[in-house]
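Student: Per the numbering used here, the sequence shown starts with residue 233, numbered consecutively.
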Amino acid sequence: MKKRVLLIICICLSLLLIILSSAIYLIYIQKLITENTLKNLAELTKQDSIKIENKIEEDFRVLNNICDEIEINNLTNAQSIFELYERNELKTNFTRMAIMYQNGNTITSDGENVNLKDEVEYFFESDDVQISRSRKSKIDMQEINIYFKKINLENEPIVIMLIAETDAYERLFANSIYNGRGYEYIITSKGVMIANSANQENTQNIFESLREDIDLKENQNKIEEMESDINKAQNGQKIMKINNYNYYISYTNIGISDWNVLIITPESIVAEELQEVITISTVITIIIIISIIAISVYIIYSNIKKKRELYELAYIDPITKLGNYYYFCKEGQKLLDISTNSNNYVIILSIEKFQSFNKHYGHNTGNNLLIEIGNKLNKQNIVCRLSNDVFGIITQTTNIKEEAEKIFESLSKIKVKDETYSVYPIIGIYQCKQNEQILEAIDKATIAHDEIVGDYNKKYCIFDETMENRILEEHEIEEIMDEALGNEEFEIYYQPKINILDEKVVSAEALVRWNRNGKMISPGKFIPLFEKNRFILKLDLYIFEKVCKDIKEFNLKNITFSVNVSKEHFNTLDFIDEYDKIAKKYKINPKNIELEITESAGIDTNITNIMKEIKKRGFNISLDDFGTGYSSLNMLQDMPIDVLKIDKSFIDKIGNSKIDIIKHIINMANELGIITVAEGVETKEQVKYLKNVGCTIIQGYYYSKPLNKNQFIEYVSSYLQFKL
Ligand code: C2E
Ligand code: CA
Ligand code: CA
233 MKKRVLLIIC ICLSLLLIIL SSAIYLIYIQ KLITENTLKN LAELTKQDSI
283 KIENKIEEDF RVLNNICDEI EINNLTNAQS IFELYERNEL KTNFTRMAIM
333 YQNGNTITSD GENVNLKDEV EYFFESDDVQ ISRSRKSKID MQEINIYFKK
383 INLENEPIVI MLIAETDAYE RLFANSIYNG RGYEYIITSK GVMIANSANQ
433 ENTQNIFESL REDIDLKENQ NKIEEMESDI NKAQNGQKIM KINNYNYYIS
483 YTNIGISDWN VLIITPESIV AEELQEVITI STVITIIIII SIIAISVYII
533 YSNIKKKREL YELAYIDPIT KLGNYYYFCK EGQKLLDIST NSNNYVIILS
583 IEKFQSFNKH YGHNTGNNLL IEIGNKLNKQ NIVCRLSNDV FGIITQTTNI
633 KEEAEKIFES LSKIKVKDET YSVYPIIGIY QCKQNEQILE AIDKATIAHD
683 EIVGDYNKKY CIFDETMENR ILEEHEIEEI MDEALGNEEF EIYYQPKINI
733 LDEKVVSAEA LVRWNRNGKM ISPGKFIPLF EKNRFILKLD LYIFEKVCKD
783 IKEFNLKNIT FSVNVSKEHF NTLDFIDEYD KIAKKYKINP KNIELEITES
833 AGIDTNITNI MKEIKKRGFN ISLDDFGTGY SSLNMLQDMP IDVLKIDKSF
883 IDKIGNSKID IIKHIINMAN ELGIITVAEG VETKEQVKYL KNVGCTIIQG
933 YYYSKPLNKN QFIEYVSSYL QFKL
């Protein structure tokens, strides 16, 4: 969130920076264009003043030449003077020639006669060649300028005049100043107009007309400066506001006269040039802004995409596309936090023997199965896959038992790509309290779940506090079990097995006891836990080795020993090697050892193979707790067993009417050459019955409880003595 705000601030700042720098750039460009325009204007003014100066100079020269010739040739006759003029190559510069006499009488080369007596003083004043202001010709009313020079002819002064059209100067002006939007003037040092490009009468005074039009407040100084510059024949440029528009003014003195070239152009010509620059820079700025926005959008988009990917990596299970453990904790906690009732249940669900399913049908089918399970559970409030085959569910319901049944039923048959598979869901449930922490709820639902792992009689289990206490106890046990093994706290008790016919001890079963600080803990308290945490694998081998040592020590002929082997070993055949090695180490004939395999291990091809391997190594096999599992009598013929141990639950029924089953089992076993052992025999009546039905061996409190090593030796020897 913070990062995004920072990014947006950065983008806004850089946009602002771009706009600001383009503005600064434009101001700079405007200044540059203004300067450049003024420079160009000054240049233009200069060029035109030179052109006009050249013309005036040339015309002066023509007049001087004519005057010189008149004087040299002493031409007194007007006719001959005009002829001189007519012969002059440059006469085309002028419209006519005139001779003015002292009385003001003036005659022209084209035969006109005018009297200029009011101006005699003006024309006769100087001896130098001069040029007049613009005036209207009295002959043809054209606007003209007069070049004149006073000469003395036979001591009488006359003025020779060459008359030029004012238009001739205007034709020298720059063809078109800034597309006709600029004006050019020739003015005298006092501002009187000589010629102009604006088709105005050349009678006005430019200073006066400017003063009328300009904003005097702002331009007072400028116009005064301009007047003073022009008066002093100096050049210059000004920017003035005329009728509310800015105008650029440039002026240059034309040498050899008090004339000046003045150019006035509106500022809009600068604006036009500027407009082009503005258009280009606006386009560039827009391109830059669009690029920045595009880059920013790309960065933001890829950030969002990256975030989404990271989110998926962190919270989504890639197989089922459900949330994972972290998602479950996060969203589950949110749901528990906002919920105000106690109808929230956390369910931990796994699939019994999913690993075997994977092995059997392949991981691909296993994954598809998980996806289908996810689909079926999806109508619950939250469904996540927490690990392998473990799903976490949060459901809100007023009838959790019904809901749990529904979940169980919905998962028991699952279709994966046209094949229907039977799976056995294990469902642990915890009812959340208000303000419950999700992790605690998961722990407690897991406790309930673990409670029924392997128990096919229950469809689900709802957590209660006693489970937690037991779990605590189990935790304590788990913490000390390794140490206990090292301290030799696990001891062996031997329970004798008696031949029913001669009542001799023929065998003994090794049964583990945990001697915790002098207090004997019976295996029922720790074996199931050790099977769950697989510590049993170590313990069984430890017991087996101890038994082998004891057998060596007892050195009892005609007595075999049986040792319990947990079904947890049966995932591989490797454990048989270990048993074999230990027996060899103590030089015990495996024939004297019976391995007790409990019937609830499930009799399938795997177990049968294991039994065959055990037999190969020479050990005897007894099938323990027969009658509690699912195996039927028919299965016995396929199994390589030596001994069948009839479970105590059958023996307990002796005395009741429906006990034919024991008889049946014993008959079947006898037919197959399998020895029968009756477990948990406590009464004389039971012994009698078992003898009658042909049972071979009796194990039970009737003869002896499990005994410690010394007691066992004593029992065997006294028994032998007694029997003898
Ligand atoms: P199990 O293999 O069925 O062992 C027989 C159990 O019945 C023993 O209980 C024994 O003390 C008891 N028992 C024998 N005769 C009578 C009787 O007349 N009346 C009554 N009420 N009980 C009798 P224990 O020693 O408590 O062992 C319980 C179970 O723990 C064993 O059942 C066996 O499954 C397991 N176990 C014991 N030691 C080991 C071992 O070293 N490794 C493994 N994997 N399991 C063991
Ligand atoms: Ca046993
Ligand atoms: Ca048993």
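Think of the CB as a built atom: it goes at the ideal place given N, C-alpha and C, for glycine as much as any other residue. Just so you know, these numbers come straight off a predicted model, no measurement behind them.
What residues does ligand 3 have around it, judged by CB closer than 5 Å to any heavy atom, in chain order?
Tutor: 856, 857 and 911
Student: Let me make sure I understand the geometry here. Which of 759, 727 and 565 has the alpha-carbon closest to that of residue 666?
Tutor: 565
Student: Can residue 772 be considered in contact with ligand 1, in the sense that its beta carbon sits closer than 7 Å to one or more heavy atoms?
Tutor: yes
Student: In three-state terms, what does DSSP make of residue 210?
Tutor: One cannot answer for residue 210 here, as it falls past the ends of the chain, which runs 233 to 956.
Student: Along the chain, which unbroken stretches of the alpha helix (DSSP H) at least 4 residues long are found entirely within the segment 554-587?
Tutor: 557-570
Student: Only counting the same chain, and skipping five residues up and downstream in sequence, which positions put a Cβ closer than 6 Å to that of residue 458?
Tutor: Excluding residues within five positions, the ones whose Cβ falls inside 6 Å are 470.
Student: For residue 617, which residues of its own chain have a beta-carbon under 6 Å away from its beta-carbon, when the five flanking residues on both sides are left out?
Tutor: 549, 552, 554 and 623
Student: Ligand 2 heavy atoms versus the CB of residue 741: any closer than 7 Å?
Tutor: Yes, the Cβ of residue 741 comes within 7 Å of a heavy atom of ligand 2.
Student: Should the segment 448-457 be regarded as contacting the segment 243-252, the criterion being three or more beta carbon pairs within less than 8 Å?
Tutor: The segment 448-457 makes no contact with the segment 243-252: fewer than 3 CB pairs, one atom from each, lie closer than 8 Å.
Student: Please go through the same chain and pick out, in chain order, the residues whose beta-carbon is closer than 6 Å to the beta-carbon of residue 901, but skip the five residues on each side of it.
Tutor: 876 and 908
Student: Evaluate contact between the segment 584-603 and the segment 510-527, counting only Cβ atoms and requiring at least three cross-stretch pairs below 8 Å.
Tutor: no
Student: Taking the beta carbon of residue 827 as the centre, do at least 16 other beta carbons fall within 10 Å, making it buried, or is it exposed?
Tutor: buried
Student: Just to confirm before moving on: does the CB-CB distance between residue 609 and residue 625 stay below 8 Å?
Tutor: yes
Student: CB of residue 854 to nearest heavy atom of ligand 1: below 7 Å?
Tutor: no
Student: Excluding the 5 residues flanking residue 685 on each side, which residues of the same chain have their C-beta closer than 7 Å to its C-beta?
Tutor: Excluding residues within five positions, the ones whose Cβ falls inside 7 Å are 658.
Student: Starting from residue 252, follow the alpha helix (DSSP H) in both directions and report where the run begins and ends.
Tutor: 234-305
Student: Using a Cβ distance threshold of 8 Å, determine whether the segment 418-430 contacts the segment 488-498, with at least three qualifying pairs required.
Tutor: Result yes; three or more Cβ-Cβ pairs closer than 8 Å.
Student: Do residue 467 and residue 483 have their C-beta atoms within less than 8 Å of each other?
Tutor: At the C-beta level, residue 467 and residue 483 come within 8 Å of one another.
Student: With C-beta atoms as the reference, is residue 861 less than 8 Å away from residue 881?
Tutor: For residue 861 and residue 881, no; Cβs fall outside 8 Å.
Student: Using the C-alpha atoms, what's the distance from residue 627 back to residue 574?
Tutor: 11 Å
Student: Under three-state DSSP, which class holds residue 392?
Tutor: strand
Student: What are the boundary residues of the alpha helix (DSSP H) that includes residue 443?
Tutor: 438-445
Student: Tell me the DSSP secondary structure of residue 947 in three-state form.
Tutor: If DSSP states are grouped into helix, strand and coil, residue 947 belongs with the helices.
Student: Take residue 593 and list the residues in its own chain whose beta-carbon comes closer than 7 Å to its own, dropping the five residues that flank it on each side.
Tutor: Within the same chain, residue 593 has no close Cβ partners at all.
Student: If you compare alpha carbons, which of 758, 329, 569 and 293 is closest to residue 340?
Tutor: 329
Student: Report yes if the C-beta of residue 881 is less than 7 Å from at least one heavy atom of ligand 1; otherwise report no.
Tutor: no
Student: Within this structure, are the beta carbons of residue 365 and residue 284 separated by less than 8 Å?
Tutor: Between residue 365 and residue 284, the C-beta spacing is not below 8 Å.
Student: Along the chain, where does the beta strand (DSSP E) containing residue 727 start, and where does it finish?
Tutor: 722-731
Student: Going along the chain, which unbroken runs of the alpha helix (DSSP H) with 4 or more residues stay wholly within the segment 329-383?
Tutor: 352-356
Student: Quick one: is residue 556 buried, meaning 16 or more other Cβ sit within 10 Å of its Cβ, or exposed?
Tutor: Label assigned to residue 556: buried.
Student: Taking the DSSP output, what are the residues bridged to residue 483?
Tutor: 468 and 494
Student: With a threshold of 7 Å (Cβ to nearest heavy atom), would residue 706 be considered close to ligand 2?
Tutor: For ligand 2, not one heavy atom lies less than 7 Å from the Cβ of residue 706.
Student: In whole angstroms, what is the alpha-carbon distance linking residue 578 and residue 543?
Tutor: Rounded to the nearest angstrom, the gap between the Cα atoms of residue 578 and residue 543 is 24 Å.
Student: Taking the alpha carbon of residue 436 as the reference point, which residue from 442, 430, 424 and 446 has its own alpha carbon closest?
Tutor: 424
Student: State yes or no: is the C-beta of residue 796 nearer than 7 Å to some heavy atom of ligand 2?
Tutor: yes
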